[in-house]
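Everything in the sequence shown is counted per the numbering used here, starting at 12 for the first residue and increasing by one. Glycine is no exception: its CB is placed at the ideal position from the N, C-alpha and C atoms. Values in this document were obtained by computation on a predicted structure and should not be read as measured data.
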Amino acid sequence: MVYADNAATTKLDSDAFEAMKIFLTEEYGNASQSYSFSTFSKKAIKDARTSIAKCIGADEEEIFFTSCGTESDNWAIKMGAGLDGEIITSSIEHHAILNSCKAVEKEGHTVHYVPVNQDGIIDLKKLEKAINGNTKLISVMFANNEIGSIQPIREIAEIARSVGAYFHTDAVQAIGHVKIDVHKLGIDLLSASAHKFNGPKGIGFIYIKKGIDINSFIDGGLQELGKRAGTENVASIVAMSIALKNNIAQIEANKLKLLSLEKRLLSRLDEAEIDYVRNGSENHIPGNLSISIADSEGEVLLHRLDLKGVCVSTGSACDSVNTQISHVIKEICVPERYAEGTIRISLGKYNTEQEVDYIADAIIDIVK
Ligand code: PLP
C-alpha cells in the first residue's frame, strides 16, 4: 500500500505513540483530581500546553484543548456569532467552517462569503468591500485542504485589526507543515487538529488570544479554564504536543523533501504527456498536489488507484461520499474538461521516491 492522502490524516509519530502509552496503562488518573496519583497527568497536560504554545508563538493560557479541528472551528464561528455582528469568511473553507456559518445564519446572523482567484487566494479587495461597521469576525483558512493554497494571513489579520474585528484562521492543514507565529502574524483565534500533523485522531486545540472575552463552549466542569468542560484526554494531548514538536523540528527538511517529491511526480506525468492542470498557488502546503486530468473522472481514478494499492482522494475526505465536483474546484474555475478528473495526492514525511514513482506509473497506466 502506498499512502498518499496525508491531507486526510497522517500516520502517528512513533515518539508520540510511545509517550501516550503510559497514560493508557499505569498513569490513568483523572487530571482534575487533587490526590497525588493525578499529579503526573496534571503535569503532563501543563507541559504539553506549554510546548504547543511555544510551537506557535503563543502563551500557554491561550491554548484550549478540543476534540478535533471541527470543534475548534465551531467554537470560533459560534463565538463570532455571539458577538452579535457580522462574520466574513472565504468561499473555499472546509465544511467545518461553512456548515458552522450555515448554522449561525439559521439563527439570524449574517455571513459574507468572499470569493477567491484561480489560485485559490482570497480577493482582498472584495474582503474589504464586505466589511461594514458591524463586522465582528473574519475567518479565513490558513491553507486549503483540497489544493494547499496558503492565504495572505498577515494582510488579512491587519485588515481585521484595522476595523476592530477578530481574525480567526482554520490552520488545520498548516500547523506542523509551515512555520506559524500567532502573535507575529496578528492572529486572534486559530484552529488545529493533531491527526493532520502525525498526532492521534480525536484531539485538537484552539488558540484564543489573551484578552478576548469568551464564553464557555462546552458547559460542565472547570477544565480548560472553565471554557471547555470534559475530562482531559491526557494520552492524546501529550501525543499531540510531541507530534507537533517533532514536525516543527523537521519543518524545513520535510518541506525540501516534499517539494522535490512533488516535482518528481509531476515531471514523470509530463514525460508521459499526461494532459493535466495543477491546482492551487505557488505558495502551498508542501506535498499537497491537486491535479485535474483531462477527460477523466476523479472517482474512477481514485478506485483504480486503490486497486493498485494507492490511497489518494478526490475532494476533501469529509466529502468523499459526495461525488460531485467540490466547491473548491468550482470556486477556482478549473476548466470543465479537467474539473471532473481532479485528484488530490497529498504526500507526507514518510513517503519515498520509490512510492512517488509507483504513484506516477499507476496514474500513467490508468490514464493511458
Ligand atoms: N479544517 C480543515 C482545513 C480540514 O482539512 C479538516 C479536516 O479535513 C478540518 C478542519 C476538520 O478537522 P478534524 O478532522 O480534526 O475535525
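Within the present structure, is the beta-carbon of residue i separated from the nearest heavy atom of ligand 1 by less than 6 Å?
i, result
"V183", "yes"
"H338", "no"
"S111", "no"
"S150", "no"
"H416", "In the structure as shown, the chain starts at 12 and stops at 379, and residue 416 therefore has no counterpart that could be examined."
"T81", "yes"
"G144", "no"
"G215", "yes"
"N156", "yes"
"S160", "no"
"S292", "no"
"S101", "no"
"V303", "The residue asked about is misnamed: residue 303 is Ser in this sequence, not Val. Not under cutoff, so the answer is no."
"S25", "no"
"S43", "no"
"S247", "no"
"S204", "yes"
The alpha helix (DSSP H) with residue i in it runs from where to where?
i, result
"H194", "193-196"
"K92", "Here the sequence assigns Ala to residue 92, which means Lys is not the residue at that position. 80-93 is the extent of the alpha helix (DSSP H) around A92."
"N265", "262-282"
"H105", "Segment: none, H105 is in no alpha helix (DSSP H) and carries neither H nor E."
"V311", "309-318"
Could you say which of the options lies nearest to residue i if we only look at CA atoms?
i, options, result
"S52", "V122, I248, I191", "I248"
"G215", "D130, V288, E82", "E82"
"G232", "K221, T21, S43, A87", "S43"
"L138", "D317, S102, G159", "S102"
"R355", "N155, I198, H188, V115", "N155"
"I377", "V339, E366, A283", "A283"
"K212", "D16, A182, K22", "K22"
"A176", "N244, G210, I98", "I98"
"E342", "S160, R165, Y218", "S160"
"F28", "Y349, A250, N265", "A250"
"S303", "L277, K266, H295, V345", "V345"
"K32", "N143, T100, V245", "V245"
"G241", "S227, I253, E71", "S227"
Locate the beta strand (DSSP E) running through residue i, then write down its first and last residues.
i, result
"A203", "200-204"
"I186", "It is not in any beta strand (DSSP E) - I186 carries neither H nor E in the DSSP assignment."
"I219", "215-219"
"N290", "287-290"
"N299", "299-304"
"T77", "74-77"
In whole angstroms, what separates the C-alpha of residue i from that of residue j?
i, j, result
"L135", "E263", "29 Å"
"L269", "D317", "22 Å"
"L272", "S292", "17 Å"
"K319", "E310", "14 Å"
"G200", "I223", "The sequence given here places Leu at residue 200; Gly does not occur at that position. Computed Cα separation, rounded: 9 Å."
"R289", "E37", "50 Å"
"G131", "L196", "20 Å"
"V339", "P126", "10 Å"
"I336", "N299", "18 Å"
"A328", "H106", "Unreliable placement is indicated for A328, whose pLDDT of 49 sits below 50; no coordinate value is reported for it."
"N362", "A15", "8 Å"
"E104", "V367", "28 Å"
"K54", "P163", "37 Å"
"A64", "S324", "32 Å"
"A87", "Y349", "35 Å"
"E71", "V183", "19 Å"
Which ranges does the alpha helix (DSSP H) cover as unbroken runs of at least 4 residues, wholly within the region 108-170, from first to last along the chain?
135-141
Beta strand (DSSP E) runs wholly inside the region 327-369, at least 3 long, in chain order
353-357
Length-filtered (4 minimum) alpha helix (DSSP H) runs lying within the region 32-68:
50-66
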